[in-house]
Amino acid sequence: MAPADPRDDPALDAALIARWLEGDERAASELVARHAPAVARFVSSLGMRVDVDEVVQDTFVRAFGAIESFRSDAALRTWLFTIARRLVLDRRRSLKRRGTEVEVQEDDAATPDDPLSSLVAQEMEDRLKAAVTRLTPMQREVFTLRVTEGMGYKEIADVVGSTEGAARVHYHHAMRSVKEFLDA
Amino acid sequence: MRDCANGELRDLLPDWVHGRLDADRARQVATHVACCSDCVEEVALLRDLAASLTAAAPRVDIAAIVAALPKPPRARPRVIELRWYQRTQVRAAAVLLFMAGATTMAVINRTPSTAGDLPMPAAIGFAGGVSDLSEGDLQSLLKEMEKLDATPSAEPEGGTAISVELAEGGT
Ligand SMILES: [Zn+2]
Chain A
99 MAPADPRDDP
109 ALDAALIARW
119 LEGDERAASE
129 LVARHAPAVA
139 RFVSSLGMRV
149 DVDEVVQDTF
159 VRAFGAIESF
169 RSDAALRTWL
179 FTIARRLVLD
189 RRRSLKRRGT
199 EVEVQEDDAA
209 TPDDPLSSLV
219 AQEMEDRLKA
229 AVTRLTPMQR
239 EVFTLRVTEG
249 MGYKEIADVV
259 GSTEGAARVH
269 YHHAMRSVKE
279 FLDA
Chain B
3 MRDCANGELR
13 DLLPDWVHGR
23 LDADRARQVA
33 THVACCSDCV
43 EEVALLRDLA
53 ASLTAAAPRV
63 DIAAIVAALP
73 KPPRARPRVI
83 ELRWYQRTQV
93 RAAAVLLFMA
103 GATTMAVINR
113 TPSTAGDLPM
123 PAAIGFAGGV
133 SDLSEGDLQS
143 LLKEMEKLDA
153 TPSAEPEGGT
163 AISVELAEGG
173 T
């Protein structure tokens, strides 16, 4: 059996939020450490190439500013993704209004701190990224949430403002497209 | 790469990879994957994709994010409105203090002094009817009583550490 995902602990999130509301600032550090890397991954999957850290920071600032409105029956990560997505869309709109080119993630070059060292592994990783880059924006968003975060269709639908059924269809179309690209 | 014919099970593979299934479901998927080459391939692909997309994500500065966060809402000090009997208790304590002060004054006044005039302690300078005590007077008296309460006791603490802020108009 696959190991349980430690990030999936709504009770721990709720306890940390309660501690923060009571004035414990260390609880905020724990919450940020638990979720910021995933928020950054998600923001990147939306096509942001620059200012990812700024969007991630804004996401947490907004979330903590309105944390009393957070429903503890929902997943904190889903809520954070929803906020991050809105911020990215707002930025895109404002960039468009100013006539600035909207940054869209193309095939990413290898980063210096890439964990895969061998050339073959690097080539494989580049191919995987390229396969995902070819997806439509909606497919890529849904696919990334499902594949990297392991989110269910209901949560994904909440984040992208869609339905569970549509999220499932997007995921399977994306998977088919990725496989076809890799087989070619 | 082919898609497994068992669509329902294939749909669960990402959940299984991320450990999001309950024990029964996880066992069901594991049993299937063990004898399905299509699903073995897809599971490997899901893991590679997750690793590669995760590695591609930018690093975030946790400390910088935390530093930018708003301050947590502090627990507001408890406001205790004194009830009539509590006010009576405070006034009774004031009467006792007043009488003790007056007695001390009487003793001082009757004792022949060789050191000239003693400065009158401020607390003894209190004059006027006890019932005329202002909220400020009540508050300072209450604080004095709290200091007495705060002295170490063998008994476990039971809410003696009162953070008192007198309510306006509580006369
Ligand atoms: Zn199968």
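One line per chain: the protein sequences are A and B, in this order. For what it's worth, the numbering used here labels the leading residue of the first sequence as 99, then goes sequentially. For what it's worth, the numbering used here labels the leading residue of the second sequence as 3, then goes sequentially. All C-beta atoms in this analysis are idealised placements derived from N, C-alpha and C, irrespective of residue type, glycine included. The structure presented is a predicted model; accordingly, all values stated were derived computationally and were not measured.
Residues near residue i in its chain [Cβ-Cβ closer than 6 Å; skip 5 each side]
{"i": "residue 272 of chain A", "result": "233, 237 and 241"}
{"i": "residue 4 of chain B", "result": "40"}
{"i": "residue 139 of chain A", "result": "246"}
{"i": "residue 133 of chain A", "result": "175 and 178"}
{"i": "residue 129 of chain A", "result": "114"}
{"i": "residue 243 of chain A", "result": "249 and 254"}
Within-8 Å CB hit, residue i to chain A
{"i": "residue 7 of chain B", "result": "no"}
{"i": "residue 52 of chain B", "result": "yes"}
{"i": "residue 40 of chain B", "result": "no"}
{"i": "residue 62 of chain B", "result": "yes"}
{"i": "residue 34 of chain B", "result": "no"}
{"i": "residue 11 of chain B", "result": "no"}
{"i": "residue 46 of chain B", "result": "no"}
{"i": "residue 24 of chain B", "result": "no"}
{"i": "residue 14 of chain B", "result": "no"}
Any C-beta of chain B under 8 Å from that of residue i
{"i": "residue 262 of chain A", "result": "no"}
{"i": "residue 252 of chain A", "result": "no"}
{"i": "residue 237 of chain A", "result": "no"}
{"i": "residue 223 of chain A", "result": "yes"}
{"i": "residue 101 of chain A", "result": "Only weak support is given to the placement of residue 101 of chain A: the predicted model assigns it a pLDDT of 41, under 50, and the value that follows is read from those uncertain coordinates. It does: the Cβ of residue 101 of chain A has a partner Cβ on chain B nearer than 8 Å."}
{"i": "residue 280 of chain A", "result": "yes"}
{"i": "residue 167 of chain A", "result": "no"}
{"i": "residue 145 of chain A", "result": "no"}
{"i": "residue 256 of chain A", "result": "no"}
{"i": "residue 186 of chain A", "result": "no"}
{"i": "residue 174 of chain A", "result": "no"}
{"i": "residue 234 of chain A", "result": "no"}
{"i": "residue 118 of chain A", "result": "yes"}
{"i": "residue 110 of chain A", "result": "no"}
{"i": "residue 246 of chain A", "result": "yes"}
{"i": "residue 134 of chain A", "result": "yes"}
{"i": "residue 242 of chain A", "result": "yes"}
{"i": "residue 298 of chain A", "result": "Missing from the structure shown is residue 298 of chain A; chain A here goes from 99 to 282 and no further."}
{"i": "residue 220 of chain A", "result": "no"}
{"i": "residue 121 of chain A", "result": "yes"}
{"i": "residue 277 of chain A", "result": "yes"}
{"i": "residue 227 of chain A", "result": "yes"}
Within-8 Å CB hit, residue i to chain E
{"i": "residue 180 of chain A", "result": "Given the protein chain composition of this structure (A and B), no chain E is represented."}
Neighbourhood of residue i by C-beta, 8 Å cutoff - its chain only, sequence neighbours within 5 removed
{"i": "residue 165 of chain A", "result": "115, 118 and 119"}
{"i": "residue 168 of chain A", "result": "115, 161, 174 and 177"}
{"i": "residue 180 of chain A", "result": "256 and 257"}
Supposed close pair residue i, residue j - CB separation, criterion 8 Å
{"i": "residue 142 of chain A", "j": "residue 66 of chain B", "result": "With a Cβ gap of about 18 Å, residue 142 of chain A and residue 66 of chain B do not count as contacting."}
{"i": "residue 251 of chain A", "j": "residue 262 of chain A", "result": "4 Å"}
{"i": "residue 111 of chain A", "j": "residue 178 of chain A", "result": "No, residue 111 of chain A and residue 178 of chain A are not in contact; Cβ-Cβ is about 10 Å, not under 8 Å."}
{"i": "residue 38 of chain B", "j": "residue 6 of chain B", "result": "6 Å"}
{"i": "residue 126 of chain A", "j": "residue 71 of chain B", "result": "5 Å"}
CA-to-CA distance, residue j to residue i, given in whole angstroms
{"i": "residue 220 of chain A", "j": "residue 11 of chain B", "result": "31 Å"}
{"i": "residue 19 of chain B", "j": "residue 158 of chain A", "result": "28 Å"}
{"i": "residue 41 of chain B", "j": "residue 32 of chain B", "result": "10 Å"}
{"i": "residue 264 of chain A", "j": "residue 255 of chain A", "result": "8 Å"}
{"i": "residue 1 of chain B", "j": "residue 123 of chain A", "result": "Lying outside 3 to 173, the shown extent of chain B, residue 1 of chain B is not represented and no answer is given."}
{"i": "residue 257 of chain A", "j": "residue 162 of chain A", "result": "18 Å"}
{"i": "residue 193 of chain A", "j": "residue 186 of chain A", "result": "10 Å"}
{"i": "residue 44 of chain B", "j": "residue 131 of chain A", "result": "30 Å"}
{"i": "residue 137 of chain A", "j": "residue 182 of chain A", "result": "7 Å"}
{"i": "residue 24 of chain B", "j": "residue 17 of chain B", "result": "10 Å"}
{"i": "residue 248 of chain A", "j": "residue 22 of chain B", "result": "8 Å"}
{"i": "residue 171 of chain A", "j": "residue 218 of chain A", "result": "44 Å"}
{"i": "residue 206 of chain A", "j": "residue 188 of chain A", "result": "Residue placement at residue 206 of chain A is poorly supported in this model, since its pLDDT is 42, which falls under 50; the coordinates still yield a value, given next. Roughly 24 Å between the two C-alpha positions."}
{"i": "residue 151 of chain A", "j": "residue 62 of chain B", "result": "6 Å"}
{"i": "residue 275 of chain A", "j": "residue 229 of chain A", "result": "8 Å"}
{"i": "residue 73 of chain B", "j": "residue 239 of chain A", "result": "32 Å"}
{"i": "residue 235 of chain A", "j": "residue 144 of chain A", "result": "7 Å"}
{"i": "residue 277 of chain A", "j": "residue 226 of chain A", "result": "10 Å"}
{"i": "residue 9 of chain B", "j": "residue 107 of chain A", "result": "29 Å"}
{"i": "residue 27 of chain B", "j": "residue 13 of chain B", "result": "12 Å"}
{"i": "residue 282 of chain A", "j": "residue 69 of chain B", "result": "48 Å"}
{"i": "residue 149 of chain A", "j": "residue 121 of chain A", "result": "30 Å"}
{"i": "residue 267 of chain A", "j": "residue 260 of chain A", "result": "11 Å"}
{"i": "residue 190 of chain A", "j": "residue 156 of chain A", "result": "15 Å"}
{"i": "residue 147 of chain A", "j": "residue 153 of chain A", "result": "11 Å"}
{"i": "residue 231 of chain A", "j": "residue 55 of chain B", "result": "11 Å"}
{"i": "residue 135 of chain A", "j": "residue 29 of chain B", "result": "30 Å"}
Own chain partners of residue i with C-beta closer than 7 Å, once the 5 adjacent residues on each side are dropped
{"i": "residue 35 of chain B", "result": "41, 42 and 45"}
{"i": "residue 48 of chain B", "result": "15, 16 and 19"}
{"i": "residue 253 of chain A", "result": "173 and 176"}
{"i": "residue 196 of chain A", "result": "none"}
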